[in-house]
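Numbering (full-length UniProt numbering), first residue to last: 1 to 260. Quick reminder that beta carbons are idealized off the backbone N, C-alpha and C, glycines included.
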Ligand code: PEP
């Protein structure tokens, strides 16, 4: 797709709450020697470790000039102050984070993050020069009721409230149907394209056609090396947000190679 769309494919690995800082170093090193320079130029490979690993990942990637990007799994909506346990955008930017996951369904579900908070986190990331990887997607009941496109677009609209055209181009959107996350039930390429195509159309309506053409939109939900190729072949899908399969260096490297 990359040659056609001009959008660089992106494969981002959300490690969730897995791997300590020593394991993180080992995984990134293995990724770096498994993938060639050409492969890492063709496809942007990004790791999203737990907060406590980020400094180690930064030191390794910067020190060895590795062609691997990195970011965080969450960001505070606040800039600083009495918010025990939270991590600000400025702190992440200081660690060189290029990306941060916002609106992941696990945070919406287990931490009661609503659309208003997701919108605030999108803005906090942008204000710190970090690209949000904005996750949207429906649960099983909504999929079965046939309301999945409208539901997902409503999440998108809410997350982008008062986000300007020049800022939206920095955002990566990840369509992650909740029923596919960590379940082994991957969406069909056609199902993923239906929603992701609708997301791009909505971005064109809200902003401009050119803007919508430049925003990268990923699919996420039980992506593995044996199902990613058919998904990435779809015209509007620019890569994948990978959970479980990203904490195995060889498996994630195979996914990255298939991203082109
Ligand atoms: C995720 O956590 O964003 C995800 C897509 O997980 P998995 O690949 O394990 O379904």
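Asked	Found
Per-residue burial, residue 152 [other beta carbons within 10 Å of its own, 16 or more giving buried]	buried
Proximal residues to residue 49 (C-beta, below 6 angstroms), its chain only, five neighbours per side dropped	15, 24 and 57
Test item: CB-CB of residue 131 and residue 94 under 7 angstroms	no
Close-in-space but distant-in-sequence residues of the same chain around residue 217 (CB under 8 angstroms, 5 per side omitted)	172, 173, 174, 175, 196, 199, 200, 236, 237 and 238
Per-residue burial, residue 17 [other beta carbons within 10 Å of its own, 16 or more giving buried]	exposed
Inter-stretch contact (C-beta, 8 angstroms, three-pair minimum) for the stretch 26-34 and the stretch 240-255	yes
Chain-order list of residues whose beta-carbon lies under 7 angstroms from that of residue 180 (same chain, five-residue window excluded)	186, 187, 221 and 222
Three-state secondary structure assigned by DSSP to residue 85	coil
Per-residue DSSP class, three states only, for residue 216	strand
Exposure label - residue 110; buried when at least 16 CB within 10 Å	exposed
Distance cut-off 6 angstroms: residue 182 Cβ against heavy atoms of ligand 1	yes
Classification of residue 184 by the beta-carbon crowding that lies within 10 angstroms, buried from 16 upward	exposed
Candidates 73, 74 and 90: closest to residue 81 by CA position	90
Residues near residue 121 by beta carbon distance below 6 angstroms, same chain, minus five either side	75, 77 and 102
Three-state secondary structure (DSSP) of residue 233	coil
Distance cut-off 6 angstroms: residue 173 Cβ against heavy atoms of ligand 1	no
For residue 241, the residue or residues it bridges with in DSSP	12 and 220
Those residues which DSSP pairs with residue 72 across a bridge	100
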